Structure formats: C-alpha cells, structure tokens
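**Student:** Below: one structure in structure tokens.
Residue numbers (my numbering), protein chains in the order written: chain P, -3 to 210; chain Z, 39 to 295.
Shown next, in the form of structure tokens:
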C-alpha cells in the first residue's frame, strides 16, 4: 500500500480497537485520527460507528469531522462506513426522533420491520452471522464483496437499517424471518456496510482487503 | 432459515480460563486468548468472557485478557464481570468488547440498564441472568450463584427488556457444569416472554442437547463452556447439529495470507 493512507475516523466510537486490529491483521497500517486535514486528504477513510444515530452525528458535528468526511467523499476517494458509520451517510435517522445525517445518500434510517402482516415476529436487535446476497441490479463487480460466485457470511448487530430513496444505491441485503434487510450501500466510491467486517473473521478481513485495493 | 449462534463461554480468573461445576469448585484450564482463538477458527459465532472475581482493574485483569484476545481474535465478544457503572462498560468497549454484560449491578441498580442502553445502544447492553430452579419458578441469583435477589427470572427478563437491554444471556445454575442438558423449561419461559434475543447456557454436554434446544425453544443462541474446554464436544459437532436441524451455518473462510 505504498503511498496510500487509510485513516480511521476518531470521534470516540467504541469499536475502533477491533477495526484497527483487523486492518493490522491484513497488513494495513491504518491510523486513528481526528485531524480534519488528514481525513479530508487520506487515500481511504473508514468511519466506524456503534450506538445511536443521533449521538454519532452529534459527536461528528461537535468535532467538525462531519465536514472533513464529506470533503473526503466529494474528492471521490474510497470511503467505507461501518454500521452506524454507514447509517449516518443517509439524510435522516429516525432513532429516538428525527436527526439529520450527512446526506451523502438520499433516504432514511428506520427501525427494522418487526411486525409485518403474514410474517412471524422477529427478535430485535438482529444479532448474528447472515449470508449477504447482492441486491437486485447489483452484481458486486468492482466492490469489496467476493468477486467469485459465493455467498459470504458477515456478522450483524443492529436494530435500525438504511432505506435509500434510490434502490440503485443498495448493494447487498440479508433475509431475516422473510424480511429483506439492507446490508450494504454503494454510491460511486462510497461504500457502507451494516455488518461488521472487523468482527466477521476471515471473510471480513477479505472484505477489508478488497476495500483497500479498490 | 433459523439462525442460532453457537457461543463459546470463557470464565476467567486472574487472567486464566477456569471451569467449575455449578459455579463452584473452579479449576484452571488454560490461556483464555489461546482457547478463544481456537474456538473462533473452528467456527464459533461469538465469545463470552466472564470474570468470576470481577477484577476489572489492577493486575492480570479482564481488561488485559480482553485486549490480548481482541488483537488476535476476530469474532464478536461479550464481556462481563465486575461492571458497576457506565465508565466500566466504556472501558471494556474501548478495549475490544462488542457487548457488555451486567448482572449484580443491574439487580442492585436497574437504572444502569437504561443508562447503558441510552449511552452505548441496546445492541451493546447484555443482561446476564443466573437462575436457579425453585419449584415451578426460577430465582435470579448474583455473584456466581451465591446471593439471592428475590427476583423471578421471567419478570426480571421482561423488566430489563423494557429498560432497553438488547440481549439476555441466561444461565441455569442448577444444570451448569453438569453436562446433562439445558433447562429447556427455563429457556422457553424466558424466551417466550421477551422479544430480544436469549442466549441459553448451563448444561450442554452432548451435541444432542443442542438439538433439543433448537427443537424445543426459541433461543437465539447457546453458550457452551465446560464441554468445549474439556473436549467433550467440538465446535464441528455443534455446527453439524445446526446443519442437521436446518439452521444457517457460517462458512469458514480464511483471511488473506
């Protein structure tokens, strides 16, 4: 990765330890930073996130990191948002009231559909390993997903999921008790995953490695 | 397809993996990080670490064990033992825990459940319930089964769900470490009462016990300790049961070289 920098955005999110270690395992010397110039100018940026949408946005805004992230994305460099780090790409989050997101991808973040007529109830949070399928119209070409015909399992833990206004921005999904739940977004150089590649063992490391090669 | 997680549970004391019978008579088994790595590579879906002496700070603590494990094991970890306040949970989350389990502190100060859920999210807020059968009911115990709380397991499970918990790790003390099967009545009673995931533990000693759990309850996962540590069942045995029972089983994919 000579000449390439991958930064992990530091705004007090809990899961950076495992993200950095997973990157280290695949030989990527990523660093954790809250420097606006480092983030806006990095070759690649990873935005981790756990907890509530509103809290994450508040922390990003208070530190001005929201603008740095958007500047990086506008420079058309590769970006990966993980879990709530993906959800904040949307315009609006509906967890504990309405909260404005970064607005990079049109659409909302809403509670997963617990009660659906004709379907058994589902337990929320969704927690566990789920096979991810390409969304309709996406063939995963030129994405960090496996490039061979294979269904990857990744680890999920969430109660809210993204609803892009343009279904073309959906890149992968899972099926839980008969419901299709968004698993990944793609808009140009911007990727977002609801699952945790840093916690998805070898499969997750392969995902991160392909993101580094993107 | 049913999704049921197989979770290796590691009880630790002063940096060592230990195992006892009915939460008493602990014996040292080995290095927790080594066992964790082995289970993760063999396909366990998650790990649970519980510090039985609740030593969060000082030397040879849970934090050291956690950091060491998180640097080499890449499956999710639930960590508990000695968490009394928000700051303790934050320490664990920053050192590689994905979820934090509380028991004693929650029974003494139920508002801590709300506070954890609001601060770190429901997905990181796990309530460990240690229950012992009393007639047709189950009583909630703390401190590895030593102290009574006066709470009924089912009522307590509902309360912590209302307070924002995202998962319950349910251990039957009367079957724990015996290897004679789980208390399916307890698992049914609790998992039918709540809509959050329930992880059942205490007593799995044979792969058939997992079949019985899958068929007889709505459990979202099983925690296995002694049977794995002593090699009575293997992760592959348990994954075979999942396949045979029609549950989804994650593929084992090696990381990049």
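Heads up, the beta-carbon is just placed ideally off N, CA and C, and yes, glycines get one too.
Being a predicted model, the structure only gives us computed values, none of them experimental.
Could you tell me which uninterrupted beta strand (DSSP E) segments, each at least 3 residues in length, are contained entirely in the region 62 to 130 of chain P, listed from first to last along the chain?
**Tutor:** Listed in chain order, the complete beta strand (DSSP E) runs (minimum 3 residues) inside the region 62 to 130 of chain P are 75 to 78, 86 to 89, 101 to 107, 122 to 127.
**Student:** In chain P, which residues lie with their C-beta within 8 Å of the C-beta of residue 234 of chain Z?
**Tutor:** Numbered from 1 along the second chain, position 196 holds the residue referred to as residue 234 of chain Z. Chain P residues near residue 234 of chain Z: 119, 120, 121.
**Student:** Tell me which same chain residues have a C-beta within less than 7 Å of the C-beta of residue 111 of chain P, skipping the five on either side of it?
**Tutor:** Here the question's residue 111 of chain P lines up with position 115 in the first chain. Counting only Cβ-Cβ distances below 7 Å, and skipping sequence neighbours, we find 117.
**Student:** Which residues does DSSP list as the beta-bridge partners of residue 140 of chain Z?
**Tutor:** Residue 140 of chain Z sits at position 102 when you count from the first residue of the second chain. Paired residue(s): Z:165.
**Student:** Is the beta carbon of residue 203 of chain Z sitting closer than 8 Å to the one on residue 160 of chain Z?
**Tutor:** Here residue 203 of chain Z is taken as the residue at index 165 of the second chain, counted from 1. Here residue 160 of chain Z is taken as the residue at index 122 of the second chain, counted from 1. Yes, the Cβ-Cβ distance between residue 203 of chain Z and residue 160 of chain Z is below 8 Å.
**Student:** Using Cβ-Cβ distances below 7 Å, what residues of the region 110 to 138 of chain Z are close to chain P?
**Tutor:** So the list reads 112, 113, 114, 131, 132, 133, 134, 136, given in the order they occur along the chain.
**Student:** According to DSSP, is residue 172 of chain Z part of a helix, a strand, or is it coil?
**Tutor:** Here residue 172 of chain Z is taken as the residue at index 134 of the second chain, counted from 1. In this structure, residue 172 of chain Z counts as strand in the three-state DSSP scheme.
**Student:** What separation, rounded to the nearest whole angstrom, lies between the Cα atoms of residue 189 of chain Z and residue 110 of chain Z?
**Tutor:** In the second chain, residue 189 of chain Z corresponds to position 151, counting from 1. In the second chain, residue 110 of chain Z corresponds to position 72, counting from 1. Each residue's Cα considered, the two are about 39 Å apart.
**Student:** Spell out whether any CB of chain P is found under 8 Å from the CB atom of residue 151 of chain Z.
**Tutor:** As a first step, residue 151 of chain Z is located in the second chain; it is residue number 113 there, counting from the start. So no, residue 151 of chain Z is outside the interface.
**Student:** At least one CB of chain P closer than 8 Å to the CB of residue 286 of chain Z: is that the case?
**Tutor:** On the second chain, position 248 is the one that residue 286 of chain Z refers to. Taking Cβ atoms only, chain P reaches closer than 8 Å to residue 286 of chain Z, which makes this a yes.
**Student:** Residue 294 of chain Z versus chain B: which residues are under 7 Å apart at the beta carbon?
**Tutor:** In summary, chain B is missing from the structure at hand, where the protein chains are P and Z.
**Student:** By the criterion of Cβ-Cβ separation under 8 Å, what are the contact partners of residue 107 of chain P in chain Z?
**Tutor:** Stepping through the first chain from its first residue, residue 107 of chain P is reached at position 111. Going along chain Z, no residue has its Cβ under 8 Å from residue 107 of chain P, so there is no contact; the nearest lies around 11 Å.
**Student:** Could you check what DSSP says for residue 220 of chain Z in three-state terms: helix, strand or coil?
**Tutor:** On the second chain, position 182 is the one that residue 220 of chain Z refers to. The answer is coil: DSSP assigns residue 220 of chain Z none of H, G, I, E or B.
**Student:** Which residues, in order along the region 154 to 171 of chain Z, keep a beta-carbon less than 9 Å from a beta-carbon of chain P?
**Tutor:** Within the region 154 to 171 of chain Z, the residues whose Cβ lies closer than 9 Å to some Cβ of chain P are 156, 157, 158, 159, 160, 161, 162, listed in chain order.
**Student:** Figure out for me which residue from Z:264, Z:124, Z:122, Z:137 has the closest Cα to the Cα of residue 104 of chain Z.
**Tutor:** The sequence position of residue 104 of chain Z within the second chain is 66, counting from 1. Cα-wise, what sits closest to residue 104 of chain Z is Z:137.
**Student:** Buried or exposed for residue 91 of chain P, please, with buried defined as at least 16 other CB atoms from any protein chain shown within 10 angstroms of its CB.
**Tutor:** Residue 91 of chain P sits at position 95 when you count from the first residue of the first chain. Per the 10 Å Cβ criterion, buried.
**Student:** What number of angstroms, rounded off, separates the C-alpha of residue 108 of chain Z from the C-alpha of residue 135 of chain Z?
**Tutor:** What you label residue 108 of chain Z is simply residue 70 of the second chain in a count that begins at 1. What you label residue 135 of chain Z is simply residue 97 of the second chain in a count that begins at 1. Taking the straight line from one Cα to the other gives about 8 Å.
**Student:** If you measure between the beta carbons of residue 65 of chain P and residue 101 of chain P, is that distance less than 8 Å?
**Tutor:** The count along the first chain starts at 1 and reaches residue 65 of chain P at position 69. The count along the first chain starts at 1 and reaches residue 101 of chain P at position 105. No, the pair does not count as a contact, with Cβ atoms beyond the cut-off.
**Student:** Identify every residue that forms a DSSP beta bridge with residue 4 of chain P.
**Tutor:** One-based indexing of the first chain puts residue 4 of chain P at position 8. According to DSSP, residue 4 of chain P bridges with P:28, P:42.
**Student:** Classify residue 206 of chain P as helix, strand or coil using the three-state DSSP reduction.
**Tutor:** In the first chain, residue 206 of chain P corresponds to position 210, counting from 1. Residue 206 of chain P: helix per DSSP, three-state reduction.
**Student:** Residue range of the alpha helix (DSSP H) that residue 252 of chain Z falls in?
**Tutor:** Translated into the one-based positions of the second chain, residue 252 of chain Z becomes position 214. Here the alpha helix (DSSP H) through residue 252 of chain Z covers 245 to 254.
**Student:** DSSP three-state call for residue 290 of chain Z: helix, strand or coil?
**Tutor:** Reading the second chain from its first residue, position 252 is the one you call residue 290 of chain Z. Here residue 290 of chain Z sits in coil by DSSP.
**Student:** List, in order along the chain, the chain Z residues whose C-beta lies closer than 8 Å to that of residue 7 of chain P?
**Tutor:** Along the first chain, one-based indexing puts residue 7 of chain P at 11. What residue 7 of chain P touches in chain Z: nothing, since even the nearest Cβ is about 13 Å away.
**Student:** How would you write the range of the alpha helix (DSSP H) that residue 138 of chain P sits in, first residue to last?
**Tutor:** Taking the first residue of the first chain as position 1, residue 138 of chain P is located at position 142. Note, residue 138 of chain P: premise wrong, no alpha helix (DSSP H); not H, not E.
**Student:** Taking C-beta to C-beta, are residue 141 of chain Z and residue 166 of chain Z nearer than 8 Å?
**Tutor:** By 1-based counting over the second chain, the position of residue 141 of chain Z is 103. By 1-based counting over the second chain, the position of residue 166 of chain Z is 128. Yes, the Cβ-Cβ distance between residue 141 of chain Z and residue 166 of chain Z is below 8 Å.
**Student:** In terms of residues, what are the limits of the beta strand (DSSP E) holding residue 49 of chain Z?
**Tutor:** For this step, residue 49 of chain Z is matched to residue 11 along the second chain. Segment 43 to 51, the beta strand (DSSP E) holding residue 49 of chain Z.
**Student:** Between residue 35 of chain P and residue 193 of chain P, is the Cβ-Cβ spacing less than 8 Å?
**Tutor:** Translated into positions along the first chain, residue 35 of chain P becomes position 39. Translated into positions along the first chain, residue 193 of chain P becomes position 197. In this structure, residue 193 of chain P does not lie closer than 8 Å to residue 35 of chain P by Cβ.
**Student:** DSSP on residue 70 of chain Z, reduced to helix/strand/coil?
**Tutor:** Locating residue 70 of chain Z in the second chain gives position 32, where the first residue counts as 1. The answer is helix: DSSP assigns residue 70 of chain Z an H, G or I state.
**Student:** So with CB distances below 9 Å, who are the chain P contacts of residue 83 of chain Z?
**Tutor:** Sequence index remark: in the second chain, residue 83 of chain Z carries index 45 (1-based). The answer, in chain order, is 124, 125, 151.
**Student:** Work out the CA separation of residue 84 of chain Z and residue 161 of chain P for me, nearest whole Å.
**Tutor:** The residue you call residue 161 of chain P lines up with position 165 of the first chain. The residue you call residue 84 of chain Z lines up with position 46 of the second chain. Between residue 161 of chain P and residue 84 of chain Z, the C-alpha separation is close to 34 Å.
**Student:** Whose CA, out of Z:132, Z:49, Z:57, lies closest to the CA of residue 11 of chain P?
**Tutor:** Against the first chain, residue 11 of chain P aligns to sequence position 15. Selected option, being the one with the closest Cα: Z:132.
**Student:** State the Cα-Cα distance for the pair residue 147 of chain P and residue 128 of chain P, rounded to the nearest angstrom.
**Tutor:** As a position in the first chain, residue 147 of chain P is number 151, starting the count at 1. As a position in the first chain, residue 128 of chain P is number 132, starting the count at 1. Computed Cα separation, rounded: 6 Å.
**Student:** Quick one: grab the DSSP three-state call for residue 212 of chain Z.
**Tutor:** Along the second chain, read from residue 1 onward, the residue named residue 212 of chain Z stands at position 174. Coil.
**Student:** Starting from the beta carbon of residue 43 of chain Z, find every residue of chain P whose beta carbon is closer than 9 Å, and list them in chain order.
**Tutor:** In the second chain, the residue the question calls residue 43 of chain Z occupies position 5. Ordered by position in chain P, the residues that pass the 9 Å Cβ test against residue 43 of chain Z are 123, 124, 125.
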